[in-house]
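Add 13 to the 1-based position in the sequence shown for the numbering used here, that's all there is to it.
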Amino acid sequence: MKIIKAEVIVCAPGRNFVTIKIETDQGIYGLGDATLNGRELAVATYLEKHLIPCLIGRDPFDSEDIWHYFYRGVYWRRGAVNMTAIGAIDMALWDIKGKALDVPVYKLLGGKSRQKLMAYTHAQGRDMEETIDKVAEKVAQGYQAVRVQSGVPGMKDIYGISNDKKSYEPAIIGQKPIEESWNTSKYLNYIPKLFSKVRETFSDDLHLLHDAHHRLTPIEAARLGKELEPFNLFWLEDTIPAELQEGFKLLRQHTSTPLAVGEIFNTIYDCQDLITNQLIDYIRMTIAHGGGITPMLKIASLAGLYHIKTGCHGPSDLSPINLAACLHFGTAINNFGIQEYMGYADLTMEVFKFSHDFKNGFFTMSEAPGLGIDMDFEKAKKHQYKQAYLPVNRLEDGTLHSW
Ligand code: GCO
Ligand code: MG
């Protein structure tokens, strides 16, 4: 089998998405998600100008060699743009392999390690009351795991909260990022009170998660982790900036709250020390930004040695193709932990066809060959890309802070 053509589809059904479509001489095509929120065109151009020309003529079954060809072979390594492009190609190759053999991808990765996959969703409110209502809504929908984010008294904009009550979309259309502001002390004073109320309102069995979005110093994160211990979180995510790996040692010594990190990592080298030193409990890298299914299997194997589980990043700013790839991966590996799932806009689901079933907080896999996804290419064309940026974040005195 040979790859004869590949194209990049940039479209915006509900929001911007970048997709690679790889076509073979046997009439089978594969799809891969290449969306890197706010930097979409960099990945699209890298794919079009540099990677696709070298793909033509290759056998899609040689996915391991193709991966190394684009990783080692280009000399320049790592980085979000590079790894997202390689990840999209790898995803599409596994899709082709599954379709060619008429099996779902998970069967090629190790088969069924579980019958269903638990997902967590997001609940967010502007204040404590609204947040509790939102958690109740998600519980009523059957979710057993809910990420809880809330507006903080005395702070105007905050990560994860939608001001217009619609579903949260952090990338704002425009020529420049909008600016948000932040006050760590107000946040740290409020979050334990919020979780105390949430735990008091809901059963002990409800899994609660929280994302600090890289905004704390190690000692601040240690205080938060410690103060949240009585409320028994499933995980506390991205407390300190993820590149500050030394900080995790300090944090880990202070708290038994489980820690999750990795959504901005893109290679095994970003998490190797965190895993081998047992400084985290969940690795949150995702298929699209982590370089594809091929390297993610290796990361899961390394993590498995240390009883660290996966919790793949799965926001609505990655397409349903990435979600499908995460589900195949999560089905096949032993150390699946949980899958993030925020749902998608209706427009998104009109363009992306997704065959896996979701009910009461769990996914079950369809037996469709490949990744079990497809795209309406004609409809996709109707929704044109518009430049959008993630916000930047400043402390109240104007100092630039992590968003
Ligand atoms: C999450 C993430 C997202 C990111 C977003 C950036 O845990 O789902 O933190 O909300 O902010 O994916 O594009
Ligand atoms: Mg996050």
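The beta carbon of each residue, even a glycine, is placed where N, CA and C say it ideally should be.
Just so you know, these numbers come straight off a predicted model, no measurement behind them.
TODO: Look at the alpha carbon of I191 and the alpha carbon of K125, and state the distance between them as a whole number of angstroms.
DONE: By one-based count along the sequence shown, residue 191 stands at place 178. By one-based count along the sequence shown, residue 125 stands at place 112. Going by the C-alpha atoms only, they are around 44 Å apart.
Open item on the list: Just checking L229 against ligand 1 - is the residue's beta carbon closer than 7 Å to any of the ligand's heavy atoms?
Closed with: As a first step, residue 229 is located in the sequence shown; it is residue number 216 there, counting from the start. No - ligand 1 has no heavy atom lying nearer than 7 Å to the Cβ of L229.
- [ ] Taking the CB atoms as reference points, tell me whether M362 and H369 lie closer together than 8 Å.
- [x] Taking the sequence shown and counting its residues from 1, one reaches residue 362 at position 349. Taking the sequence shown and counting its residues from 1, one reaches residue 369 at position 356. Taking 8 Å as the cut-off, the beta carbon of M362 is found no closer than this to the beta carbon of H369.
TODO: Mind checking which residues open and close the beta strand (DSSP E) that includes W248?
DONE: For this step, residue 248 is matched to residue 235 along the sequence shown. Element bounds for W248: 248-250.
TODO: Compare the beta carbon distance of K262 and L292 with 8 Å and say whether it is the shorter of the two.
DONE: Stepping through the sequence shown from its first residue, residue 262 is reached at position 249. Stepping through the sequence shown from its first residue, residue 292 is reached at position 279. Remark: C-beta atoms of K262 and L292 approach each other more closely than 8 Å.
TODO: Hey, could you find the ends of the beta strand (DSSP E) F376 is sitting in?
DONE: What you label residue 376 is simply residue 363 of the sequence shown in a count that begins at 1. For F376, the enclosing beta strand (DSSP E) starts and ends at 375-377.
Open item on the list: So, under 8 Å CB-CB, E276 and Y133 are touching, yes? Tell me the CB distance rounded to an integer number of Å.
Closed with: Translated into positions along the sequence shown, residue 276 becomes position 263. Translated into positions along the sequence shown, residue 133 becomes position 120. The pair is not a contact, with the Cβ atoms about 13 Å apart (cut-off 8 Å).
Open item on the list: I'd like to confirm the pairing. Which residues does DSSP put opposite S332 in its beta bridges?
Closed with: Residue mapping note: residue 332 aligns to position 319 of the sequence shown, counting from 1. For S332, which the question treats as bridged, DSSP gives no partner whatsoever.
Open item on the list: Runs of 4 residues minimum, wholly inside the region 199-278: which ones carry the alpha helix (DSSP H) assignment?
Closed with: The qualifying runs are 231-241, 259-267.
- [ ] Output the distance between the C-alpha atoms of I386 and H63, rounded to the nearest integer angstrom.
- [x] Taking the first residue of the sequence shown as 1, we reach residue 386 at position 373. Taking the first residue of the sequence shown as 1, we reach residue 63 at position 50. Whole-angstrom Cα-Cα distance: 26 Å.
Open item on the list: Going by C-alpha to C-alpha distance, which of F375, K311, L360, M141 sits closest to L122?
Closed with: Start at 1 with the first residue of the sequence shown, and residue 122 comes out as number 109. With distances taken between Cα atoms, L122 lies closest to K311.
Open item on the list: Ignoring anything shorter than 4 residues, give me the alpha helix (DSSP H) runs that lie fully in the region 110-162, in order along the chain.
Closed with: You should have 118-122, 141-153.
Open item on the list: What residue range does the beta strand (DSSP E) around S194 cover?
Closed with: Numbered from 1 along the sequence shown, position 181 holds the residue referred to as residue 194. Per DSSP, the unbroken beta strand (DSSP E) holding S194 starts and ends at 192-195.
Open item on the list: At the level of alpha carbons, what is the spacing between A55 and P254?
Closed with: Looking up residue 55 in the sequence shown gives position 42. Looking up residue 254 in the sequence shown gives position 241. A55 and P254: Cα-Cα distance of roughly 24 Å.
- [ ] Please go through the region 23-108 and give each complete alpha helix (DSSP H) segment of 4 or more residues, from N-terminal end onward.
- [x] Listed in chain order, they are 53-59, 65-68, 76-84.
- [ ] With distances taken Cα to Cα, identify the nearest neighbour of M131 among F278, L49, G327.
- [x] The residue labelled residue 131 in the question sits at position 118 within the sequence shown. Here the closest residue by C-alpha is G327.
Open item on the list: Measuring only from the beta carbon, is H226 closer than 7 Å to any heavy atom that is part of ligand 3?
Closed with: Because ligand 3 does not appear in the structure shown, any question about it cannot be addressed here, the ligands present being ligand 1 and ligand 2.
Task: Contact under 8 Å by Cβ, E250 with A273 - done: Your numbering for residue 250 matches position 237 in the sequence shown. Your numbering for residue 273 matches position 260 in the sequence shown. In terms of Cβ geometry, E250 and A273 form a close pair [threshold 8 Å].
Open item on the list: Strictly by DSSP, which residues pair up with D433?
Closed with: Because residue 433 is not part of the residues shown, which for the chain are 14 to 416, the question remains open.
TODO: Identify which residue in P73, T299, V161, P333 has its Cα closest to the Cα of K210.
DONE: Residue mapping note: residue 210 aligns to position 197 of the sequence shown, counting from 1. Looking only at P73, T299, V161, P333, the smallest Cα-Cα distance to K210 is reached by V161.
Open item on the list: Taking the straight line between their C-alpha atoms, what separation do you get for G260 and T252?
Closed with: By one-based count along the sequence shown, residue 260 stands at place 247. By one-based count along the sequence shown, residue 252 stands at place 239. If I take the Cα positions, the gap works out to 10 Å.
Open item on the list: Any heavy atom of ligand 2 inside 7 Å of the beta-carbon of E276?
Closed with: For this step, residue 276 is matched to residue 263 along the sequence shown. Yes.
Open item on the list: For ligand 2, I want to know if E250 counts as a neighbour, meaning its beta carbon is within less than 7 Å of at least one of the ligand's heavy atoms.
Closed with: Position 237 of the sequence shown holds residue 250. It does: the Cβ of E250 is within 7 Å (strictly closer) of some heavy atom of ligand 2.
Open item on the list: Given the structure, does P328 come close to ligand 1, in the sense that its CB is under 7 Å from one of the ligand's heavy atoms?
Closed with: Looking up residue 328 in the sequence shown gives position 315. Yes; taking the cut-off as 7 Å, the Cβ of P328 has a heavy atom of ligand 1 nearer than that.
- [ ] Whole angstroms is fine: what's the gap from I281's alpha carbon to S314's?
- [x] What you label residue 281 is simply residue 268 of the sequence shown in a count that begins at 1. What you label residue 314 is simply residue 301 of the sequence shown in a count that begins at 1. Rounded to the nearest whole angstrom, the C-alpha separation of I281 and S314 is 11 Å.
Open item on the list: Just verifying my parser: in three-state terms, what is the DSSP assignment at A301?
Closed with: As a working note, residue 301 is residue 288 in the sequence shown. In the structure shown, A301 falls within a coil segment according to DSSP collapsed to helix, strand and coil.
Open item on the list: Am I right that L331 and D103 are in contact with their C-beta atoms under 8 Å? What's the rounded C-beta distance?
Closed with: Here the question's residue 331 lines up with position 318 in the sequence shown. Here the question's residue 103 lines up with position 90 in the sequence shown. Contact between L331 and D103 does not hold, since their C-beta atoms are separated by about 15 Å, which reaches or exceeds 8 Å.
- [ ] Kindly indicate which three-state DSSP category L384 falls into: helix, strand or coil?
- [x] Here residue 384 refers to the residue found at position 371 when the sequence shown is read from its first residue. Correct three-state label for L384: coil.
TODO: Compute every distance between the C-beta of P26 and the non-hydrogen atoms of ligand 1, then say whether any falls below 7 Å.
DONE: The sequence position of residue 26 within the sequence shown is 13, counting from 1. Look at P26: its beta carbon is at least 7 Å from all of the heavy atoms in ligand 1.
Task: Distance between P205 and L49 (C-alpha atoms, nearest Å) - done: Start at 1 with the first residue of the sequence shown, and residue 49 comes out as number 36. Start at 1 with the first residue of the sequence shown, and residue 205 comes out as number 192. A direct Cα-Cα distance of roughly 33 Å separates L49 from P205.
TODO: With DSSP as the reference, label K311 as helix, strand or coil.
DONE: For the purposes of this step, residue 311 is taken as residue 298 along the sequence shown, with counting starting at 1. Helix, per DSSP.
Open item on the list: For T474 and P166, what's the separation of their Cα atoms in angstroms?
Closed with: Residue numbering for the chain in the displayed model covers 14 to 416; residue 474 lies beyond these limits and cannot be assessed.
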